[in-house]
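Q: Encoded as structure tokens, here's the structure I'll be asking about.
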Amino acid sequence: KAPANDAFIKKWSAYAKAKNIPGHKDKPLTNDPMEATNIGVYMWKQAVEKAKSFDVAKVTAAMAGQTFTAPSGITSKMDEKNHHLHKAVFIGEVKADGQFNVVWKTKGPIKAQPWSPFIAGNDKKKDEPALMADKKM
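Using the numbering used here, read the sequence shown as starting at 1230 and increasing by one per residue.
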């Protein structure tokens, strides 16, 4: 439980009820994609402020290493090299009401691993993208 999370849920509930959002009218729910979007928008905002520009290349460069504490109280980090998100992991079981009971979670964010080691050929892929200047178009 985090006070910011309670406030976020309260705001979302009021919005969902006011807008009659299907499936959320009586019991508005939040989920991981909502949190991920929240993190992404705020990290983008921070990167724009750091870059002092809306220029895509400058904002992309400024995105590296950004951190943001979501309403849940958990801080996520954008990888400096591959721009994948380091995020906490939760394992849960679904309850009868559709909510989750968390049965295990990491102590903090897990470093992003963009290529699964369990898929053949991924061992030859680089974790970081080639620079645009290095690519032939």
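Note that beta-carbon positions come from the ideal geometry of N, C-alpha and C, so glycine has one too.
Roughly how far, in whole angstroms, is the beta-carbon of A1276 from the beta-carbon of V1288, given that I think they are within contact range, below 8 Å?
A: 5 Å
Q: Would you say M1272 faces chain B, with C-beta separation under 8 Å as the test?
A: Of the protein chains in this structure there is only one, and it is not chain B.
Q: If we call anything under 8 Å between Cβ atoms a contact, is A1293 one with M1307?
A: Yes. Within cutoff.
Q: What residues in its chain sit with their C-beta under 6 Å from that of T1296, if we drop five residues either side in the sequence?
A: T1304 and K1306
Q: Report the start-end ranges of each beta strand (DSSP E) in the segment 1239-1323 that is 3 residues or longer and not cut off at the edges.
A: 1296-1298, 1304-1307 and 1319-1323
Q: Express the C-alpha separation of P1338 and F1319 in angstroms, rounding to a whole number.
A: 10 Å
Q: Where does F1347 fall in DSSP's three states?
A: F1347: coil per DSSP, three-state reduction.
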